[in-house]
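Asks: Here it is: the structure, laid out below.
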Amino acid sequence: MVLQAAAWPCLSVLAQTRQEPGLREYAAKAGLLYGAAAAWPVLRDDADYAAAFARECNILVPENVLKMGPVQPSPGVFRFEPADFMADFCRQHNMRMRGHTLVWHTQMWPWFKTEVNAGNAKKYLEEHILTVAGRYRGRMHSWDVVNEAVHPRDGREDGLRVTPWLELLGPGYIELAFRMAHSADPDARLTYNDYGLDYDTPEQEAKRRAVLRLLRSLKERDVPIHAFGMQAHLDWAAFRNFKADILQAFFREVASLGLEIYITELDVADRELPDDIAERDEAIARVYETYLTAALQEPAVKAVLTWGLTDKYTWLAGRQRRPSGTPVRVLPLDRDFQRKPAWQAIRRVFLAAPPRKA
Ligand code: 9MR
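Just so you know, we're using my numbering here: the sequence shown kicks off at 134 and counts up by one.
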C-alpha cells in the first residue's frame, strides 16, 4: 500500500510517541510532577494540543479560567464550564490539577470597582473562595491561594504589594484567604505564588527577603499554607544574573519552614537571541537545564510546570515580541508539537535529579 503524503505528519507524531516516553514519565521516575498551563478553549478545540498534554504532563494548571474575573464575571455568577472541562480532562488522562488563582490583583472581577467596598469586601472574598475552591474539593493537587502579593517597590515596611485587597482589608486578607481555602478544600496543598525571585540582583534579593518574611509570619500564626510557588519566568538575557547557590539558599530557607516548593510558571524569553533557530534553541535549552539542575538539588521541590507547552500558544508571543518579528521559541514543544532541545534538556534534568518521595 502506498501511503498518502498527508498521512505522514500523523505517523511521525506516532513514531515519536512510540519511541520516547513523555516528560511525565521521566518526572515520575524522579518522584516529581511535570506539567504545564493549559489555554482555553484551545484544549477543547485543538486535538493535537490535547494529545500533547496527555503525552507529556501528569499535572495541568488552567492558564486563565480560574482567575477571579473569568470565573466570577458578575456578582454571584460563576462560570465553571472551562475549568470543569479541564478537571474532566485531567481525570481521563490520569493527571493532577492545580488551581490558579483564588486571590490576585490582576484579571479581577470586572464589577469590582462598582460593587466592592470596605463594608462588603470580606464577604465577597470569602464567598468567592468557598465557592471556587469548594467546587473542586478533593480534586486539586494544590491551589495558588494568593498570587503576587509581595512588591517591595511599593515602599511598605512589610514588603506587601499595595492592592485593592490590601487597601480594603489590610494585610490580614492573605491569612483570611488561606483559612477560607483550607475550609473549602482541606486536601489541597495551599500555595503562595510569586515571580521575580530568580536572579542575584539587589531588587530580587529584597523581594526574596520580603517573601520569606511573609511565609514565616504565616507559619508562625499557624495559617494553613503548604507550599511556595516559584513562577520562574526567565529571560535568556537576564539569566546572566543567575547564580545557582543564591537560588538554592533561598529554597533551603523556604523548605526550612516546612513548605514544599513548586516551579509553577517556567518559561524562557528569547527576545534578545538571534533568529537562527538551532542557535536559539540551544541557548534556551541551556537556560532550562541550568535553572532546573540547580532547583532540583532541593528535595522540597516536588513539581515543575512550564507556562504553556508549545510555542504555538504562549503569552510571551504577545508580551516579548522579537524585534525581527520571528515567532518566539520559548517552550519545550515547537509550534508543530515537536520536541525541541528545551524538551531534551528537561528530560536530562529529570533523569539526573536526586530521587525524592512523590
Ligand atoms: O498567561 C496569562 C495571560 O494569558 C494573561 O493575559 C495574563 C493576565 O495578566 O496572565 C498570564 O499569566 C500570568 C499568571 O497568571 C501569573 N503570573 C504571570 C503570568 C504571566 O503574565
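Just so it is clear, CB atoms sit at the ideal spot from N, CA and C, and this is done for glycine as well. Note that the structure is a prediction, hence the values are computed from the model and not measured.
For the segment 332 to 339 against the segment 399 to 419, do three or more pairs of beta-carbon atoms, one drawn from each stretch, fall closer than 8 angstroms, so that the two count as touching?
Replies: No: the two stretches stay apart, fewer than three of their Cβ pairs being nearer than 8 angstroms.
Asks: Thinking C-alpha only, which one of Ile379, Pro460, Val401 and Pro474 is nearest Ala428?
Replies: Here residue 428 corresponds to residue number 295 of the sequence shown, with the count starting at 1. Comparing Cα positions, the closest option is Ile379.
Asks: Does the beta-carbon distance from Phe186 to Leu442 come in below 8 angstroms?
Replies: Residue numbering aside, residue 186 sits at position 53 when the sequence shown is read from its first letter. Residue numbering aside, residue 442 sits at position 309 when the sequence shown is read from its first letter. Yes.
Asks: Considering only residues of the same chain and omitting the five flanking positions on each side of Arg270, which have a CB-CB separation below 7 angstroms?
Replies: For the purposes of this step, residue 270 is taken as residue 137 along the sequence shown, with counting starting at 1. Answer for Arg270: Ala317 and Asp318, listed in chain order.
Asks: Is His261 helix, strand or coil when you go by DSSP?
Replies: In the sequence shown, counting from the first residue as 1, residue 261 sits at position 128. It is helical.
Asks: Taking 8 angstroms as the cut-off, decide whether the C-beta atoms of Ser275 and Ala360 are in contact.
Replies: Within the sequence shown, residue 275 is the residue found at index 142, counting from 1. Within the sequence shown, residue 360 is the residue found at index 227, counting from 1. In contact: Ser275 and Ala360 (Cβ atoms closer than 8 angstroms).
Asks: Express the C-alpha separation of Arg354 and Ala416 in angstroms, rounding to a whole number.
Replies: Residue 416 sits at position 283 when you count from the first residue of the sequence shown. Residue 354 sits at position 221 when you count from the first residue of the sequence shown. Cα-Cα distance, rounded: 44 angstroms.
Asks: At a threshold of 7 angstroms, does Tyr328 count as lining the ligand SAM (C-beta to nearest heavy atom)?
Replies: With respect to the ligand SAM, the structure shown offers nothing to examine, as its ligands consist of the ligand 9MR.
Asks: Roughly how many angstroms lie between the CA atoms of Ala377 and Leu323, to the nearest whole one?
Replies: Working through the sequence shown from its first residue, we reach residue 377 at position 244. Working through the sequence shown from its first residue, we reach residue 323 at position 190. Rounded to whole angstroms, Ala377 to Leu323 spans 26 angstroms at the Cα level.
Asks: Sorry if obvious, but does the Cβ on Trp173 come closer than 7 angstroms to a heavy atom of the ligand 9MR?
Replies: The sequence position of residue 173 within the sequence shown is 40, counting from 1. No, the beta carbon of Trp173 sits no closer than 7 angstroms to any heavy atom of the ligand 9MR.
Asks: Let me check understanding here. Comparing Cα to Cα, which of Ala418, Leu176, Ser457 and Ala485 lies closest to Arg472?
Replies: Taking the first residue of the sequence shown as position 1, residue 472 is located at position 339. With distances taken between Cα atoms, Arg472 lies closest to Ala418.
Asks: What ranges does the alpha helix (DSSP H) occupy inside the segment 181 to 267, keeping only unbroken runs of at least 4 residues that lie completely in it?
Replies: 201 to 204, 214 to 225 and 245 to 248, all fully within the segment 181 to 267.
Asks: Would you mind reading off the limits of the alpha helix (DSSP H) that contains Leu299?
Replies: On the sequence shown, residue 299 is found 166 positions in, with the first residue counted as 1. It spans Pro297 to Leu302 - the alpha helix (DSSP H) in which Leu299 sits, taken as one unbroken run.
Asks: Would Leu484 be called buried (16 or more neighbouring beta carbons within 10 Å of its own) or exposed?
Replies: Working through the sequence shown from its first residue, we reach residue 484 at position 351. Leu484 comes out exposed.
Asks: Taking 8 angstroms as the cut-off, decide whether the C-beta atoms of Gln453 and Ala388 are in contact.
Replies: Taking the sequence shown and counting its residues from 1, the one referred to as residue 453 is at position 320. Taking the sequence shown and counting its residues from 1, the one referred to as residue 388 is at position 255. Cβ distance not < 8 angstroms, so Gln453 and Ala388 don't count as in contact.
Asks: Going by other Cβ atoms of all chains shown within 10 Å of its Cβ, with 16 needed for buried, is Gln225 buried or exposed?
Replies: As a first step, residue 225 must be located in the sequence shown, where it is residue number 92. It counts as exposed.
Asks: Could you compute how far the alpha carbon of Gln188 sits from the alpha carbon of Glu158?
Replies: Your numbering for residue 188 matches position 55 in the sequence shown. Your numbering for residue 158 matches position 25 in the sequence shown. According to the sequence as given, residue 188 is Arg; it is not Gln. Straight-line Cα distance between these residues: approximately 9 angstroms.
Asks: For Ile410, which residues does DSSP report across the bridge?
Replies: In the sequence shown, the residue the question calls residue 410 occupies position 277. The partner list for Ile410 (beta bridge, DSSP) is empty, contrary to what the question assumes.
Asks: From Asp467 to Asp444, what distance separates their C-alpha atoms?
Replies: As a working mapping, residue 467 is identified with position 334 in the sequence shown. As a working mapping, residue 444 is identified with position 311 in the sequence shown. Those two C-alpha atoms are separated by around 5 angstroms.
Asks: Beta-carbon separation of Asp287 and Asn326 under 8 angstroms?
Replies: For the purposes of this step, residue 287 is taken as the residue at position 154 of the sequence shown. For the purposes of this step, residue 326 is taken as the residue at position 193 of the sequence shown. No, Cβ-Cβ distance for Asp287 and Asn326 is not below 8 angstroms.
Asks: So which of Glu386, Lys435, Arg177 and Glu248 has the shortest CA-CA distance to Lys217?
Replies: Here residue 217 refers to the residue found at position 84 of the sequence shown. At residue 217 the sequence reads Asp, which differs from the Lys that was named. Ranking Glu386, Lys435, Arg177 and Glu248 by Cα distance to Asp217 puts Arg177 first.
Asks: Is Ile262 closer than 8 angstroms to Arg229 when the C-beta atoms are compared?
Replies: Counted from its first residue, the sequence shown places residue 229 at position 96. Counted from its first residue, the sequence shown places residue 262 at position 129. No, they are not a contact pair.
Asks: Opposite Gly168 in the DSSP bridges: which residues?
Replies: As a first step, residue 168 must be located in the sequence shown, where it is residue number 35. Bridge partners of Gly168: Ile192 and Leu438.
Asks: How many angstroms separate the CA atom of Arg268 from the CA atom of Gly168?
Replies: To locate residue 268, count along the sequence shown from 1; it is residue 135. To locate residue 168, count along the sequence shown from 1; it is residue 35. Cα to Cα, Arg268 sits roughly 22 angstroms from Gly168.
Asks: Cα separation between Gly292 and Pro208?
Replies: Along the sequence shown, one-based indexing puts residue 292 at 159. Along the sequence shown, one-based indexing puts residue 208 at 75. In a straight line, the C-alpha of Gly292 is about 31 angstroms away from that of Pro208.
Asks: What are the boundary residues of the beta strand (DSSP E) that Phe361 is part of?
Replies: As a position in the sequence shown, residue 361 is number 228, starting the count at 1. Per DSSP, Phe361 belongs to the beta strand (DSSP E) from Ala360 to Met363.
Asks: Whose C-beta lies closer than 6 angstroms to the C-beta of Ala475 among residues of the same chain, with five residues either side of it excluded?
Replies: For this step, residue 475 is matched to residue 342 along the sequence shown. Contacts found: Ile417, Ala418, Tyr421 and Pro465.
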